[in-house]
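Student:
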Amino acid sequence: MMHEQKIVQATKPQPRIRRQVVTSVEEQSRVPVPAAIQRVAPKIETGIDLAGKPKIVFAAGRGKTGKTTLLRWMTETALDQGSSVVLADIDPTNSSFASYFEGVEQPEIDDPAGVRRWLLDLIEDCIASKQSAIIDLGGGDTTLRSLAGDLPNFAGEIEKGGLSPVIFYLAGNQPEDLLPARTLIDRGFSPQAQAIVFNETAIATGLTREQTFARVAASPDYRMLTKRAISLWMPRLFPMEALEARHCHFLDARDRTVTPQLGLFESAGVRAWLDAMNARFAGVSSWIP
244 MMHEQKIVQA TKPQPRIRRQ VVTSVEEQSR VPVPAAIQRV APKIETGIDL
294 AGKPKIVFAA GRGKTGKTTL LRWMTETALD QGSSVVLADI DPTNSSFASY
344 FEGVEQPEID DPAGVRRWLL DLIEDCIASK QSAIIDLGGG DTTLRSLAGD
394 LPNFAGEIEK GGLSPVIFYL AGNQPEDLLP ARTLIDRGFS PQAQAIVFNE
444 TAIATGLTRE QTFARVAASP DYRMLTKRAI SLWMPRLFPM EALEARHCHF
494 LDARDRTVTP QLGLFESAGV RAWLDAMNAR FAGVSSWIP
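Each residue of the sequence shown is one higher than the one before, counting from 244 in our numbering.
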């Protein structure tokens, strides 16, 4: 059954560190850490150029690693640039992505087989119309894992259809955060455009990036992933609590056009975060629809 697509048009709407933590970090830091993590300011890596091509953008990862935040930023960026894009939220337990934008596609069923069929229909519709899409898979990413396991070369088939699959793997400071990426790759889902996005919200006060992500950098999964994916860094958004209380867009928060209005410094914090996101994701700007 074909979807009646809803295409979204462009509209602007110092605490002391406990000794046992430091000891653990010291033990982990004996392992050589990749240069991308050692830098005070992270290196800006560049991915494959997808300029002018329609794409299907996925974000995968464990819960609370920043998937929805990243996709919200990408959606606002795409709309602000005048792009049209199909938005979809297939998380049956948490549709927070859908609550921020109008016209977000969602399955009306929640059983795994039905959601899987729904997602396949959506992608086929996008291929037929050469329409880009941003898809929030939700925590667990079970639907994409199922498709990757049952359909050999799933990413390659999307490419044959004329769309470029893009996937961002979100991770915090736990090695287990890379398991969703490892699982998808083991099942054959390994598009040309893929990136590991480390969420700097995981950096505790008083710790460096190197200390925070040392265990992840030492893991076999990270070493395997770096052969296939670039590494990106999503900065901490300090006024996030104020934004969530207002349920607003990042650009509106920056411009102080929300009610109740953000404070001057909260707005400045959002502006700094948006500038940092634009800089750190400059190497994959063509991945944004």
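Even glycine gets a Cβ: it sits at the ideal position worked out from N, Cα and C.
Quick caveat: nothing in here was measured; it's all calculated off a predicted structure.
(1) At the level of alpha carbons, what is the spacing between valine 440 and threonine 502?
(2) Quick check on asparagine 396: buried or exposed, where buried means 16 or more other Cβ atoms within 10 Å of its Cβ?
(3) With a cut-off of 8 Å, do at least 3 Cβ pairs link the stretch 442–449 to the stretch 411–427?
(4) Alanine 391 and arginine 359: beta carbons closer than 7 Å?
(5) Secondary structure at glutamate 487, three-state DSSP: helix, strand or coil?
(6) Excluding sequence positions up to five away, which residues of its chain have a Cβ less than 8 Å from the Cβ of alanine 436?
(7) Look at the alpha carbon of arginine 471 and the alpha carbon of alanine 460, and state the distance between them as a whole number of angstroms.
(8) Near threonine 308, what residues of its chain come up, given a Cβ to Cβ distance below 8 Å and the 5 sequence neighbours on each side ignored?
(9) When you compare only the Cα positions, how much space is there between aspartate 354 and asparagine 521?
(10) Write down the C-beta distance between glycine 399 and isoleucine 370 rounded to the nearest angstrom, noting that I regard them as a contact closer than 8 Å.
(11) Pop quiz: aspartate 516 and leucine 475 are said to be a contact at Cβ under 8 Å. What is the actual Cβ separation, rounded to whole angstroms?
(12) Grouping DSSP H, G and I as helix and E and B as strand, with all else coil, what is leucine 330?
(13) Buried or exposed: where does isoleucine 401 fall if 16 or more other Cβ atoms within 10 Å of its Cβ makes it buried?
(14) How long is the line joining the alpha carbons of proline 482 and glycine 325, rounded to whole angstroms?
(15) Look at the Cβ atom of alanine 488, then the Cβ atom of valine 513, and state whether they are nearer than 7 Å.
(16) Looking at isoleucine 378 and phenylalanine 301, is the spacing between their C-beta atoms short of 7 Å?
(17) If you reduce the DSSP assignment to three classes, tell me which class aspartate 379 lands in.
Tutor: On the basis of the supplied data:
(1) Residue 440 sits at position 197 when you count from the first residue of the sequence shown. Residue 502 sits at position 259 when you count from the first residue of the sequence shown. The straight-line gap from Cα to Cα measures roughly 31 Å.
(2) The residue you call residue 396 lines up with position 153 of the sequence shown. Exposed, since its Cβ has fewer than 16 Cβ neighbours within 10 Å.
(3) yes
(4) If you number the sequence shown from 1, residue 391 lands on position 148. If you number the sequence shown from 1, residue 359 lands on position 116. No.
(5) The count along the sequence shown starts at 1 and reaches residue 487 at position 244. Helix at glutamate 487.
(6) If you number the sequence shown from 1, residue 436 lands on position 193. Same-chain partners within the cutoff: Gly290, Ile291, Leu293, Lys298, Ser407, Pro408, Val409, Ile410, Val527, Trp530.
(7) As a position in the sequence shown, residue 471 is number 228, starting the count at 1. As a position in the sequence shown, residue 460 is number 217, starting the count at 1. Straight-line Cα distance between these residues: approximately 15 Å.
(8) Translated into positions along the sequence shown, residue 308 becomes position 65. Excluding sequence neighbours, threonine 308 sits near Leu413, Ala414, Gly415, Asp420, Asn442.
(9) Sequence index remark: in the sequence shown, residue 354 carries index 111 (1-based). Sequence index remark: in the sequence shown, residue 521 carries index 278 (1-based). Their backbone Cα atoms lie some 37 Å apart in a straight line.
(10) As a working mapping, residue 399 is identified with position 156 in the sequence shown. As a working mapping, residue 370 is identified with position 127 in the sequence shown. Glycine 399 to isoleucine 370, Cβ: 13 Å. No contact.
(11) Indexing the sequence shown from 1 puts residue 516 at position 273. Indexing the sequence shown from 1 puts residue 475 at position 232. Before going further, note that residue 516 is tryptophan rather than aspartate in the sequence given. The pair is not a contact, with the Cβ atoms about 15 Å apart (cut-off 8 Å).
(12) Translated into positions along the sequence shown, residue 330 becomes position 87. Here leucine 330 sits in strand by DSSP.
(13) Translated into positions along the sequence shown, residue 401 becomes position 158. Buried, because 16 or more other Cβ atoms sit within 10 Å of the Cβ of isoleucine 401.
(14) Reading the sequence shown from its first residue, position 239 is the one you call residue 482. Reading the sequence shown from its first residue, position 82 is the one you call residue 325. One C-alpha to the other measures close to 27 Å.
(15) To locate residue 488, count along the sequence shown from 1; it is residue 245. To locate residue 513, count along the sequence shown from 1; it is residue 270. No, these two residues do not count as a Cβ contact at 7 Å.
(16) On the sequence shown, residue 301 is found 58 positions in, with the first residue counted as 1. On the sequence shown, residue 378 is found 135 positions in, with the first residue counted as 1. Going by C-beta atoms, phenylalanine 301 is nearer than 7 Å to isoleucine 378.
(17) On the sequence shown, residue 379 is found 136 positions in, with the first residue counted as 1. Of the three classes helix, strand and coil, the one that applies to aspartate 379 here is strand, per DSSP.
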